[in-house]
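> According to my numbering, the sequence shown is numbered sequentially starting from 31. Using N, Cα and C, we set each Cβ at its ideal position, and we do this for glycine too.
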Amino acid sequence: MPSLFASYLRVYEPLAAFDRDHQLYWRRYVKEGRAVALSDGPGRQRTAVLEALGAGWTRLPTLPEDAYVLEADDTLLVCPWNLRIRVAEAALTARDGVPSVIADAFVPPVLAGLAQTIVDDWRSGDHVLERGLPRVHEQVATWGVPLRWFVFVDLEERELSLRPGRRVLRYRTEISKARRRAHRAYAVLRRAMGDAPITVAVEETARWLEEFHSRSIVELDYGGLVNLMPDDALAEDDSPGLVSAGLSNVARGDADAATEVYEKLVERWRIVQLLERCN
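(1) With a cut-off of 8 Å, do at least 3 Cβ pairs link the stretch 34–50 to the stretch 240–254?
(2) On a Cα-Cα basis, can you pick out the residue from Ala285, Arg282, Val273 and Ala47 that is closest to lysine 294?
(3) What does the Cβ neighbour count give for glycine 162, buried or exposed, with the cut at 16 atoms within 10 Å?
(4) Apart from the five residues on each side of it in sequence, which residues of its chain come closer than 6 Å, Cβ to Cβ, to threonine 105?
(5) How long is the line joining the alpha carbons of valine 158 and glutamate 95, rounded to whole angstroms?
(6) Buried or exposed for leucine 141, please, with buried defined as at least 16 other CB atoms from any protein chain shown within 10 angstroms of its CB.
(7) Kindly indicate which residue of Leu80, Arg210, Thr235 and Glu62 has the alpha-carbon position closest to the one of arginine 178.
(8) For the alpha helix (DSSP H) containing valine 99, name the first residue and the last one.
(9) In three-state DSSP terms, what is leucine 107?
(10) Kindly identify the DSSP beta-bridge partner or partners of tyrosine 201.
(11) Under 7 Å Cβ to Cβ from arginine 200, same chain only, skipping five residues before and after it: list those, please.
(12) Considering Cα atoms alone, identify which of Ala145, Ser278, Pro138 and Leu113 is closest to valine 170.
(13) Counting C-beta neighbours from all protein chains within 10 Å, is the total for proline 72 16 or more, i.e. buried, or is it exposed?
(14) Which one of Val41, Leu107, Leu80 and Val117 has the shortest CA to CA distance from histidine 52?
(15) What number of angstroms, rounded off, separates the C-alpha of tryptophan 299 from the C-alpha of threonine 289?
(16) Do the stretch 217–237 and the stretch 264–272 touch if we need at least three Cβ pairs shorter than 8 Å?
(17) Drop a sphere of 10 angstroms on the beta-carbon of serine 246, count the other beta-carbons inside from all chains shown, and report buried for 16 or more, exposed for fewer.
(18) Suppose contacts are defined by Cβ-Cβ distances below 8 Å. Is glutamate 168 in contact with tryptophan 111 by that definition?
Structure below.
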């Protein structure tokens, strides 16, 4: 299945972050060669979810417990898919702010009820006490990259491949660095803009990062978006650098320079977003 036109923000945790049963499961999972490649994962996830939901969209059975795997400095790190909870949360979100007739057509009440039960169980006090804080390791954005994600990475951390069949653009960084950048960005935005939407968005993602093990790796992956962008656009993309420059301008109080950077970023990603209407 071809790559979906989406980008991803992932966290890979060391095995020490999981309980004993999951540590054994993930070790066996890797040893058996079951880990899924990043290029194959989005399609596999979509297929698994659609098959599990069924034609009537009235059930949400157990979904496969798969993950992306990364080895760094002889340490095995895992990014579980958490498909069951992600589908349940997506089903509930799809109903927010939508008239009941339309909401019921997209997400039938039976499925919504099951989804709510799954989310409540996942976040219940008993679950937290038994397994620790619930964590969803992957965030997904379609037809673009949220500008706040660029806060967490540095331009020098870019990995780029333009080879046919393996077009990749991603950033990987230590979670400690991502957290420091997030806290700096939040402090700058808070002072300059107060509770603006971008401030709140950065704060929410920064809190999400705090849920994970201190030796985790954060990955911003352009995913299937690389198939929408020509080689020169990928090679020249400096979005993390622009975001960093924009924040520096905001911190200095240079509103004109900050606005110029922001408009450049918005225009760059609007070109990708507009492709959705041509699909």
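According to the structure shown:
(1) By the Cβ test, the stretch 34–50 is in contact with the stretch 240–254, since at least three Cβ pairs between them sit closer than 8 Å.
(2) Position 264 of the sequence shown, counted from the first residue, corresponds to residue 294. Of Ala285, Arg282, Val273 and Ala47, the residue nearest in Cα terms is Val273.
(3) Taking the first residue of the sequence shown as 1, we reach residue 162 at position 132. With a pLDDT of 49 at glycine 162, under the threshold of 50, the predicted position of this residue should be treated as unreliable, though the coordinate-derived value follows. Classification for glycine 162: exposed.
(4) Sequence index remark: in the sequence shown, residue 105 carries index 75 (1-based). Excluding sequence neighbours, threonine 105 sits near Pro44.
(5) Along the sequence shown, one-based indexing puts residue 158 at 128. Along the sequence shown, one-based indexing puts residue 95 at 65. Residue placement at valine 158 is flagged as unreliable, the pLDDT there being 49, under the threshold of 50; the coordinate-derived value follows with that caveat. Near 19 Å, if we compare the C-alpha coordinates of glutamate 95 and valine 158.
(6) Looking up residue 141 in the sequence shown gives position 111. It counts as buried.
(7) As a working note, residue 178 is residue 148 in the sequence shown. If we check each option's Cα against that of arginine 178, Thr235 comes out closest.
(8) Here residue 99 is taken as the residue at index 69 of the sequence shown, counted from 1. Taken as a continuous stretch (DSSP letters only), valine 99 belongs to no alpha helix (DSSP H), being part of the beta strand (DSSP E) at 97–102.
(9) The residue given as residue 107 occupies position 77 in the sequence shown. In the three-state reduction of the DSSP assignment, leucine 107 falls in the strand class, which pools E and B.
(10) As a working note, residue 201 is residue 171 in the sequence shown. Its beta-bridge partners are Arg188 and Leu250.
(11) Numbered from its first residue, the sequence shown carries residue 200 at position 170. Only Glu189, Glu249, Leu250, Asp251 and Tyr252 meet the Cβ criterion.
(12) In the sequence shown, the residue the question calls residue 170 occupies position 140. Valine 170 has its Cα closest to that of Leu113, out of Ala145, Ser278, Pro138 and Leu113.
(13) For the purposes of this step, residue 72 is taken as residue 42 along the sequence shown, with counting starting at 1. Counting Cβ neighbours within 10 Å, proline 72 comes out buried, since at least 16 surround it.
(14) Position 22 of the sequence shown, counted from the start, is the residue given in the question as residue 52. Nearest option by C-alpha distance: Leu107.
(15) The residue given as residue 299 occupies position 269 in the sequence shown. The residue given as residue 289 occupies position 259 in the sequence shown. CA-to-CA, the gap between tryptophan 299 and threonine 289 works out to about 16 Å.
(16) As far as the Cβ criterion goes, the stretch 217–237 does not touch the stretch 264–272, which means the pair count is below three.
(17) If you number the sequence shown from 1, residue 246 lands on position 216. Under this definition serine 246 is a buried residue.
(18) One-based indexing of the sequence shown puts residue 168 at position 138. One-based indexing of the sequence shown puts residue 111 at position 81. Cβ distance < 8 Å, so glutamate 168 and tryptophan 111 count as in contact.
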